[in-house]
Structures are given as C-alpha cells and as structure tokens.
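Novice: Handing you this structure, nothing more for now.
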Amino acid sequence: MRVNKDGKLLVLNYGQSTGLAIDPIEKKPLARFMPGTWTLSFGTLGCNFSCQHCQNFFISQVAGKDKETEDYQLERIEHVLPEEIVATSLKNKLPSISYTYNEPTIFLEFALDTMKLARPKGLKNIWVSNGFMSAQTLDLIAPYLDAINVDLKSFSEQFYAEICGARLKPVLDNLIKIKRLGIHLEITTLIIPTKNDSTAELKQIAEFIANNLGQETPWHVSAFYPAYKLNNLPPTPKEKISEAQKIGQSAGLKYVYAGNI
C-alpha cells in the first residue's frame, strides 16, 4: 500500500479505514489481557501475506487484483484520522484500540500516529498481527504497544512459502523479541485439515511456545472453515481441536483455548 512517485515513497492507505467496530476483547482473541472489556477495532486495506485461507481476503488482498475485490474495497472505505479514532474510543468509554482486520504493519504510519495519541489518553494499544515485520518496525511500535496476538500459522517453512507467500523464521524471531520486551503476547493457530494439523507439527508449535515464550503464554487453537482459495477443504473436526488442546497442556502450557467451534 505504498508507491514510489517521483522518487518519493507515498502511503496510499493513511486515514483509510474499512470501518470502526466495538468488539469484546476476547474476539481478538485475547483471553488474559483486560478480560471482560470492549475494544475499538479498525483496519485498512492490504496485507504482506497472501494466505490462501484468508477469511478477510476482500480487504486483505491488494486492491486491483480483480474487479470484485476492488469494487468491494472501494465501497467500504471510510476516511478517518488518528485523532478521530482516539476520540471515538474515549466517547464510547472504551479502554483500548485494536489494530486488526488486516495486517497492521501495512498501515504502520497510520497505526503509529494513532498509538502515540492514544497512550497519553490512558488507552491501551492492541495489535492483531501475523508477526512478519522488520526489527525496525518492532522497535518503532514497542514503546506504545500494550498487547499483541500473533497468528503462528504453522511450524513449517514450506507452509509459510506455499500457503502464505512468506517465511516462518522472522515470525519466530519476532515472537521471542516481543516476549523479551515485556509486551503482553498471545498466540493463535488456525488448524487447517491436511495443511498444518499433524500431531507432530502441533507438538512443535506447543513446545516452541512453552520453551521460548513461557508456559504462561496463551495459545488459541482455532477451527478452520472453508474460505477463499482453500474452500475445497473440510472444516476442522472438533476432535482435532481437542487434541491440540491436550498437546498444548502436555507441553506445559497453562492456558490453551479452543476457538471457532
């Protein structure tokens, strides 16, 4: 969502929102951060991943790839400034703002300006992210970021390359750094039949969380439903979600939550 014009890098999605919504914080999902509260959620357009199973593909995939996506995106755009987002949160007596729906790093400048205004007003800043960002980006947001849910999609580089068009290692590195910075961290894994649902891979994810992020780090294991380019796959069986919960508990994780069931 940036373009080089006459040697200048321009941001195309600053102040462009696909809408503001008031959500329970558990919907992010965050289970151990300000439970029982509501949060103001917003996002923009675009993503640095191209996940074949994305449920928000109409807003996450870059405008112009196909006319249906482009028309849908243009119809949803609202123009809103950082100070208006903060004011809306305060007006509705919401204690936090969530940067979500699409990847917040895509609208970093917009998000960061909002975060800087929110912090002095006593508002908490929450990101819902794929965790794929540069060290410089993480350094920029860390002073203003209170909590983050990172989608650890798989423990396979092949999955990240073929399903998401991305890489796993930077995500793992960032997770360790986020934990070290003292930012509240929760992990979500969407369990997709035949793609990332093997017992061995689920054990790898659970053990990575327990050994590198701490046994107190919440892990949300969520059921997949057919979507976008993986609409030919079946939904995740409830038994597989139960198995994942048991795997997490066996790895020593204290908080393992089932989602989307």
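Numbering-wise, the sequence shown is residues 9 to 269 according to the numbering used here. Think of the CB as a built atom: it goes at the ideal place given N, C-alpha and C, for glycine as much as any other residue.
1) Between the beta-carbon of residue 93 and the beta-carbon of residue 52, is there less than 8 angstroms?
2) Along the chain, which unbroken stretches of the alpha helix (DSSP H) at least 4 residues long are found entirely within the region 15-73?
3) Assuming contact is defined by CB atoms lying nearer than 8 angstroms, are residue 199 and residue 150 in contact in what I supplied?
4) Give me, in chain order, the residues of the same chain whose beta-carbon lies closer than 7 angstroms to that of residue 64; leave out the 5 immediate sequence neighbours on both sides.
5) Thinking C-beta only, is residue 119 closer than 8 angstroms to residue 134?
6) Please name the residue in 147, 128, 144 and 164 whose C-alpha comes closest to that of residue 202.
7) Identify whether residue 202 lies in helix, strand or coil by the three-state DSSP scheme.
8) DSSP three-state label for residue 104, please.
9) What is the DSSP secondary structure of residue 12, counted as helix, strand or coil?
10) Please state whether DSSP places residue 258 in a helix, a strand or coil.
11) If I'm right that residue 212 touches residue 262 with Cβ under 8 angstroms, what's the distance once you round it to whole angstroms?
12) How far does the alpha helix (DSSP H) with residue 94 in it reach, from first residue to last?
13) For residue 196, which three-state DSSP category applies?
14) Since residue 133 is in the beta strand (DSSP E), which residue starts that stretch and which ends it?
15) If you count every other CB in all the chains shown that lies within 10 Å of the CB of residue 15, and 16 or more means buried, which is it?
16) Starting from residue 182 and walking both ways along the alpha helix (DSSP H), at which residues does that stretch end?
17) To which residues of the same chain is residue 117 closer than 7 angstroms at the C-beta, ignoring the five residues directly before and after it?
18) Should residue 17 be labelled buried (16 or more other beta-carbon atoms within 10 Å of its own) or exposed?
Specialist: The structure says:
1) Within the sequence shown, numbered from 1, the residue matching residue 93 stands at position 85. Within the sequence shown, numbered from 1, the residue matching residue 52 stands at position 44. No.
2) Counting only unbroken stretches of 4 or more residues, the alpha helix (DSSP H) elements lying wholly within the region 15-73 are 65-68, in sequence order.
3) On the sequence shown, residue 199 is found 191 positions in, with the first residue counted as 1. On the sequence shown, residue 150 is found 142 positions in, with the first residue counted as 1. Result no, Cβ atoms of residue 199 and residue 150 do not sit closer than 8 angstroms.
4) Translated into the one-based positions of the sequence shown, residue 64 becomes position 56. Result list for residue 64: 109 and 110, in chain order.
5) Residue numbering aside, residue 134 sits at position 126 when the sequence shown is read from its first letter. Residue numbering aside, residue 119 sits at position 111 when the sequence shown is read from its first letter. Contact annotation: residue 134 and residue 119 have beta-carbon atoms that are not nearer than 8 angstroms.
6) By 1-based counting over the sequence shown, the position of residue 202 is 194. Nearest C-alpha to residue 202: 164.
7) Indexing the sequence shown from 1 puts residue 202 at position 194. Look at residue 202 here: in three-state DSSP terms it is coil, with no helix or strand label.
8) As a first step, residue 104 is located in the sequence shown; it is residue number 96 there, counting from the start. Strand, per DSSP.
9) The sequence position of residue 12 within the sequence shown is 4, counting from 1. Strand at residue 12.
10) Along the sequence shown, read from residue 1 onward, the residue named residue 258 stands at position 250. Collapsing the DSSP output to three states places residue 258 in a helix.
11) As a position in the sequence shown, residue 212 is number 204, starting the count at 1. As a position in the sequence shown, residue 262 is number 254, starting the count at 1. Taking C-beta atoms under 8 angstroms as the contact rule, residue 212 and residue 262 fail to qualify, at a distance of about 19 angstroms.
12) Translated into the one-based positions of the sequence shown, residue 94 becomes position 86. Where residue 94 is concerned, the enclosing alpha helix (DSSP H) stretches over 90-99.
13) The sequence position of residue 196 within the sequence shown is 188, counting from 1. The answer is strand: DSSP assigns residue 196 an E or B state.
14) Your numbering for residue 133 matches position 125 in the sequence shown. From DSSP, the beta strand (DSSP E) with residue 133 extends over 132-137.
15) By 1-based counting over the sequence shown, the position of residue 15 is 7. Exposed: under 16 other Cβ atoms inside 10 Å.
16) Here residue 182 is taken as the residue at index 174 of the sequence shown, counted from 1. Here the alpha helix (DSSP H) through residue 182 covers 177-189.
17) Translated into positions along the sequence shown, residue 117 becomes position 109. Leaving aside the five residues that flank residue 117 on each side, the residues in its chain whose CB is nearer than 7 angstroms to its CB run, in chain order, 19 and 22.
18) Your numbering for residue 17 matches position 9 in the sequence shown. Classified as exposed, residue 17 has fewer than 16 neighbouring CB atoms from the shown chains inside 10 Å of its CB.
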